[in-house]
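Position 134 (the sequence shown) corresponds to 157 in this note's numbering; numbering is contiguous.
Even for Gly, the Cβ is constructed at its ideal location relative to N, Cα and C.
What you are looking at is a predicted structure, and each value in this text was computed from that prediction instead of being measured.
Contents: one structure, followed by commentary.
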Amino acid sequence: MWLALIVRFIKNMEEQSTFSTISVLRWIVFLPGAVGSAWLAWILINILGRFSLVYAGVQSDSFLGQFYFNTAGHAAMAAAFVFIGAKIAPSYRRIIVYCLAGVGLVISGFMLFSAIMIKNYWAIWGGLCVIIGVGAVTYSIYKGETEIE
C-alpha cells in the first residue's frame, strides 16, 4: 500500500513543471531521502532475514546468519541509496546516479579504512558489499537495463 502511494506520488511529481515548488523541494529532499531509503532497506532486510533464517533453522549470530545479514543488508542499502535518491531528484537523474554512486563509494572507502585498521572482518565484508551494491545499480542504469528517467 505504501509503495503504491510512493510510486503514484513520484509519477505525479514527474508531471509537474521543472521550476515548480515541488521541484525545488525534491532537490532539497533527494539526499536525505536517499539516506533514509538506505536505512529503511537495511531495516527491512534485517526483519525479513530474521524471519527467514529462523524458518530455515539458522541462528542469526552464526556464521551463515552474519554472512547473510552483512551481504544482503549492505548491498541492499547501497542499491537503495543510489536508486531511490536518483528517483527522488526531479531532473538530471542519470547524472545524479553517478554522483550518488561516487558518494557511496567514498563513504564506503572511509568505512573500509577504519574497518581494516581495527581488523573487523565483517565490516570489511560489508564495505565490499556496499561497493558491489553501488556498482551493480550504477552499471544496470548505465547499460539501460534499469530505467531511471
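May I have the straight-line CA-CA distance separating residue i from residue j, to the nearest angstrom?
{"i": "Ile164", "j": "Ser83", "result": "33 Å"}
{"i": "Ile68", "j": "Ser46", "result": "31 Å"}
{"i": "Ser114", "j": "Ser43", "result": "12 Å"}
{"i": "Phe90", "j": "Gly150", "result": "13 Å"}
{"i": "Val77", "j": "Ala57", "result": "30 Å"}
{"i": "Trp148", "j": "Leu48", "result": "36 Å"}
{"i": "Leu63", "j": "Ala146", "result": "19 Å"}
{"i": "Ile243", "j": "Glu170", "result": "The requested residue 243 does not occur in the structure, where the chain is confined to residues 24 to 172."}
{"i": "Arg135", "j": "Gly80", "result": "Here residue 135 turns out to be Leu, not Arg, going by the sequence shown. One C-alpha to the other measures close to 31 Å."}
{"i": "Phe133", "j": "Tyr121", "result": "18 Å"}
{"i": "Asn143", "j": "Thr161", "result": "27 Å"}
Assuming residue i contacts residue j under a Cβ cut-off of 8 Å, what Cβ separation, rounded to an integer in Å, is found between them?
{"i": "Val105", "j": "Leu123", "result": "5 Å"}
{"i": "Ala112", "j": "Trp50", "result": "7 Å"}
Buried or exposed for residue i, going by 16 or more other Cβ atoms inside 10 Å?
{"i": "Ile107", "result": "buried"}
{"i": "Met140", "result": "exposed"}
{"i": "Gly125", "result": "exposed"}
{"i": "Ile66", "result": "exposed"}
{"i": "Ala138", "result": "buried"}
Thinking C-beta only, is residue j closer than 9 Å to residue i?
{"i": "Ala103", "j": "Ser60", "result": "yes"}
{"i": "Glu172", "j": "Arg117", "result": "yes"}
{"i": "Gly127", "j": "Ala101", "result": "yes"}
{"i": "Phe53", "j": "Ile130", "result": "no"}
- Item | Meets three-Cβ-pair contact criterion under 8 Å: the segment 148 to 158 and the segment 83 to 100 | Because the criterion of three Cβ pairs below 8 Å is met, the segment 148 to 158 and the segment 83 to 100 touch.
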